[in-house]
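K.L.:
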Amino acid sequence: MNKHYSGRSSFHLPLVASELSGIPDEDEPPSLIPNRTDEISSFRAGYFPGVTEKMWNDWRWQLSNSITSAEQLERFVSLTSDERAAISNNGKGGGCGLPLRITPYYAGLIAGSGPDYPLRRAVLPLTDELLVSPGEGDDPLSEESHTPVPGLVHRYPDRVLFLATEFCSVYCRYCTRSRLVGKSRHRLSTSHWEEAFRYIGDHPEIRDVLISGGDPLTMPNEKLDYLLSRIRSIAHVEIIRIGSKVPAVLPQRITAKLTRMLAKYQPLFLSLHFTHPDELTPESAAACRRLADAGFPLGSQTVLLKGINDNVETMTRLFHELLKVRVKPYYLYQCDPISGSSHFRTSVQKGLELIRGIRGFTSGYAVPHYVVDAPGGGGKIPLLPEYYQGEDDNYVYLKNYEGNSYRYPKEGNVQ
Ligand SMILES: *Cc1c(COP(=O)(O)O)cnc(C)c1O
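Counting from 1 along the sequence shown, just add 16 to a position and that's the residue number in the working numbering.
1. Taking 7 Å as the cut-off, is the CB of Tyr215 close to at least one heavy atom of ligand 1?
2. Would the C-beta of Lys396 count as close to ligand 1, meaning under 7 Å from any of its heavy atoms?
3. Between Pro345 and Glu418, what straight-line distance do the alpha-carbon atoms span, to the nearest angstrom?
4. Nearer than 7 Å: is that true of the beta carbon of Leu177 relative to any heavy atom of ligand 1?
5. For Ala251, tell me which candidate among Ala123, Thr234, Arg214 has the shortest Cα-Cα distance.
6. Give, in chain order, every unbroken run of the beta strand (DSSP E) that is at least 3 residues long and sits entirely within the region 293–372.
7. Of the residues Pro45, His336, Ile247, which one's Cα is nearest the Cα of Gly464?
8. Please give the ranges of any alpha helix (DSSP H) in the region 238–280, keeping only runs that are unbroken, at least 4 residues long and fully inside the region.
9. Determine the direct distance from the alpha carbon of Ser357 to that of Trp12, and round the result to whole angstroms.
10. Once DSSP output is grouped into helix, strand and coil, what is the label at Lys415?
11. Counting beta carbon pairs with one atom in the region 133–145 and one in the region 171–185, are three or more of them shorter than 8 Å?
12. Does the beta-carbon of Asp409 have 16 or more other beta-carbons within 10 angstroms, so that it is buried, or is it exposed?
13. Ignoring anything shorter than 4 residues, give me the alpha helix (DSSP H) runs that lie fully in the region 158–233, in order along the chain.
14. Work out the CA separation of Leu243 and Pro46 for me, nearest whole Å.
15. Could you check what DSSP says for Thr143 in three-state terms: helix, strand or coil?
16. Compute the minimum distance between the beta carbon of Leu400 and the heavy atoms of ligand 1, and state whether it is under 7 Å.
17. Is any heavy atom of ligand 1 found at a distance shorter than 7 Å from the C-beta of Tyr242?
18. Of all the options His170, Gln282, Asn105, Phe290, which has the alpha carbon lying nearest to the alpha carbon of His219?
19. Among residues of its own chain, excluding the 5 on either side of Lys426, which ones have a beta-carbon nearer than 8 Å to its beta-carbon?
20. Going by the C-beta, is Arg171 closer than 7 Å to any heavy atom of ligand 1?
21. In the DSSP assignment, the alpha helix (DSSP H) including Gly62 goes from what residue to what residue?
22. Could you give the distance in angstroms between the alpha-carbon of Arg91 and the alpha-carbon of Ile222?
23. With distance defined between alpha-carbon atoms, name the residue in Tyr122, Val148, Ala127, Ser161 nearest to Pro353.
24. Flag this pair as touching only if the region 152–163 and the region 118–131 have three or more C-beta atom pairs under 8 Å; answer yes or no.
25. Per DSSP, which one or two residues make a beta bridge with Glu407?
26. Give me the residue from Leu274, Pro267, Leu266, Ser94 with the minimum Cα distance to Glu238.
27. Where does Tyr122 fall in DSSP's three states?
28. When you compare only the Cα positions, how much space is there between Leu334 and Leu370?
29. Kindly identify the DSSP beta-bridge partner or partners of Asp389.
30. Around the C-beta of Ser94, are 16 or more other C-beta atoms found within 10 angstroms, so that it is buried, or is it exposed?
31. I'd like to confirm something about Leu288: is its beta-carbon nearer than 7 Å to some heavy atom of ligand 1, or not?
32. Pull up the CB-CB distance for Pro264 and Ser300, whole angstroms please, since I reckon it's below 8 Å.
33. Going by C-alpha to C-alpha distance, which of Leu179, Thr163, Arg189, Val165 sits closest to Asp144?
34. For a test of the three-state rule: what should DSSP assign to Ser47, helix, strand or coil?
35. Identify the residues that DSSP records as bridge partners of Leu286: which are they?
36. What does the alpha-carbon distance come out to for the pair Ser249 and Ile256?
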């Protein structure tokens, strides 16, 4: 609550992008409400003098003006000495050497915040990242061992993970692919794609291709269009999914032109990554609504993070805000044990306690599957609080969300 957007839920949100700005131009980003526009213009004028609204709303401008150094960051927040030390260590080992990168838009959300502000903790490094604890590793899910061809992870029988790019517009400090992302200078290297297309084509059991990375939506439309067209042309691929944090960190990217291009490849699902309810700004909400209006089923994936979202109130608020913009909370992940992640990780008991505090108390649609992605490559393992209490010859014994006991008569019950 140490942030200035606490009254956010009272914003009036436009129903469609054209409500405020007339008929949008082809490449128009999701539009903003007037109040928020004022807030952004004063932030922009203060920190990016000379930058016009048109430039600010251009996702390419956002990408090429992203914050990557302590000096740039100091303009928005006063860094703690620990943060400064962590940034100067960046890329020099410890943790996975994940670079620092924040879009000007997202910097606007953390500007002036205190050191404990959840969104700041999600994207600014601490020297805790240099501390590697037992059980941690750079590839805890053993993705490399399920990689038949570069950039493709084939772990489950009928679907693959396609790592299309190593680039993200913002690097989350708890990233499960810290070992891969942000490492290459070749942001758009696609040399491995052809081999991946061939592998998918040769494996008729693959009916679901999940495009992730890195963040696929940071690629230009033409590249993404090519990628999707190649995957769509494989007859046995039934559904395509894109995993992205762009609507949360670079909502300007969700232009009408992008959604029109994506719409050629239905059925196409989007798995978005949201961490905290403060990410659901009017811009981000408008981006989600635009995707929903274009007909894409939207899910969200959230990582359980200590001090960031590990309480029932924050988590419930996040899930409610997501449902309001038609995003279904899909997975809640136990934080993967990547190197240098112990300051982010909570106990599994904490995750179960959160699900216990949410399930039944609110809409079932708001409740994601809580999973631990098994270290070593076992895949996602779902966990539930103990609603099932056992059984005897006649009854199955159950507990409901309030902790009350019930019994369900079994087939052949004789009592
Ligand atoms: C998470 C994941 C998937 C998709 O899993 P779903 O449960 O179908 O969403 C596919 N492949 C890999 C390697 C994954 O980690």
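Ideal Cβ positions, reconstructed from N, Cα and C, are used throughout, including at glycine.
P.N.:
With the structure as the only source:
1. Counting from one through the sequence shown, the residue named residue 215 turns up at place 199. The answer is no for Tyr215.
2. Start at 1 with the first residue of the sequence shown, and residue 396 comes out as number 380. Taking 7 Å as the cut-off, the C-beta of Lys396 counts as close to a heavy atom of ligand 1.
3. As a first step, residue 345 must be located in the sequence shown, where it is residue number 329. As a first step, residue 418 must be located in the sequence shown, where it is residue number 402. Distance between the alpha carbons of Pro345 and Glu418: 22 Å.
4. By 1-based counting over the sequence shown, the position of residue 177 is 161. Yes; taking the cut-off as 7 Å, the Cβ of Leu177 has a heavy atom of ligand 1 nearer than that.
5. Position 235 of the sequence shown holds residue 251. Nearest of Ala123, Thr234, Arg214 to Ala251, Cα basis: Arg214.
6. Counting only runs of 3 or more, we get 314–320, 344–350.
7. Outside the displayed span of the chain (17 to 431) sits residue 464, for which this structure offers no information.
8. DSSP runs (the alpha helix (DSSP H)) wholly in the region 238–280: 262–265, 272–278.
9. This structure cannot settle anything about residue 12, because the visible part of the chain is limited to 17 through 431.
10. As a working mapping, residue 415 is identified with position 399 in the sequence shown. DSSP, read as helix, strand or coil, puts Lys415 in strand.
11. In this structure the region 171–185 does not touch the region 133–145; the number of beta carbon pairs closer than 8 Å is below three.
12. What you label residue 409 is simply residue 393 of the sequence shown in a count that begins at 1. That one is exposed.
13. Look at the region 158–233 and you find these whole runs of alpha helix (DSSP H), each 4 residues long or longer: 209–218.
14. On the sequence shown, position 30 is the one that residue 46 refers to. On the sequence shown, position 227 is the one that residue 243 refers to. Their Cα atoms are separated by approximately 24 Å.
15. Here residue 143 corresponds to residue number 127 of the sequence shown, with the count starting at 1. In the structure shown, Thr143 sits in a helix (DSSP, three-state: H, G or I).
16. Locating residue 400 in the sequence shown gives position 384, counting from the first residue. It does not: the Cβ of Leu400 is nowhere closer than 7 Å to a heavy atom of ligand 1.
17. Here the question's residue 242 lines up with position 226 in the sequence shown. It does not: the Cβ of Tyr242 is nowhere closer than 7 Å to a heavy atom of ligand 1.
18. One-based indexing of the sequence shown puts residue 219 at position 203. The option with the nearest alpha carbon to His219 is His170.
19. Taking the sequence shown and counting its residues from 1, the one referred to as residue 426 is at position 410. So the list reads Glu407, Asp409, Asn410, Tyr411, Val412, once near-sequence residues are dropped.
20. For the purposes of this step, residue 171 is taken as the residue at position 155 of the sequence shown. Yes, the beta carbon of Arg171 sits closer than 7 Å to at least one heavy atom of ligand 1.
21. Locating residue 62 in the sequence shown gives position 46, counting from the first residue. It spans 50–63 - the alpha helix (DSSP H) in which Gly62 sits, taken as one unbroken run.
22. Translated into the one-based positions of the sequence shown, residue 91 becomes position 75. Translated into the one-based positions of the sequence shown, residue 222 becomes position 206. One C-alpha to the other measures close to 48 Å.
23. Taking the first residue of the sequence shown as position 1, residue 353 is located at position 337. When C-alpha distances from Pro353 are compared across Tyr122, Val148, Ala127, Ser161, the shortest belongs to Val148.
24. Touching, no.
25. Looking up residue 407 in the sequence shown gives position 391. Under DSSP, Glu407 forms a beta bridge with Val412.
26. Taking the first residue of the sequence shown as 1, we reach residue 238 at position 222. Minimum Cα distance to Glu238 is reached at Leu274.
27. Here residue 122 refers to the residue found at position 106 of the sequence shown. The answer is helix: DSSP assigns Tyr122 an H, G or I state.
28. Taking the first residue of the sequence shown as position 1, residue 334 is located at position 318. Taking the first residue of the sequence shown as position 1, residue 370 is located at position 354. When rounded, the distance between both Cα atoms is 13 Å.
29. Here residue 389 refers to the residue found at position 373 of the sequence shown. BP columns for Asp389 point to Lys396.
30. Position 78 of the sequence shown holds residue 94. Classification for Ser94: exposed.
31. Walking along the sequence shown from the start, residue 288 turns up at place 272. No, since every heavy atom of ligand 1 falls outside the 7 Å radius drawn around the Cβ of Leu288.
32. In the sequence shown, residue 264 corresponds to position 248, counting from 1. In the sequence shown, residue 300 corresponds to position 284, counting from 1. The sequence given here places Ala at residue 264; Pro does not occur at that position. With a Cβ gap of about 6 Å, Ala264 and Ser300 count as contacting.
33. Along the sequence shown, read from residue 1 onward, the residue named residue 144 stands at position 128. Out of Leu179, Thr163, Arg189, Val165, Arg189 has the C-alpha closest to the C-alpha of Asp144.
34. As a working mapping, residue 47 is identified with position 31 in the sequence shown. Coil at Ser47, not helix or strand.
35. Translated into the one-based positions of the sequence shown, residue 286 becomes position 270. For Leu286, which the question treats as bridged, DSSP gives the partners Ile258, Leu314.
36. In the sequence shown, residue 249 corresponds to position 233, counting from 1. In the sequence shown, residue 256 corresponds to position 240, counting from 1. Ser249 and Ile256 have their C-alpha atoms spaced approximately 11 Å apart.
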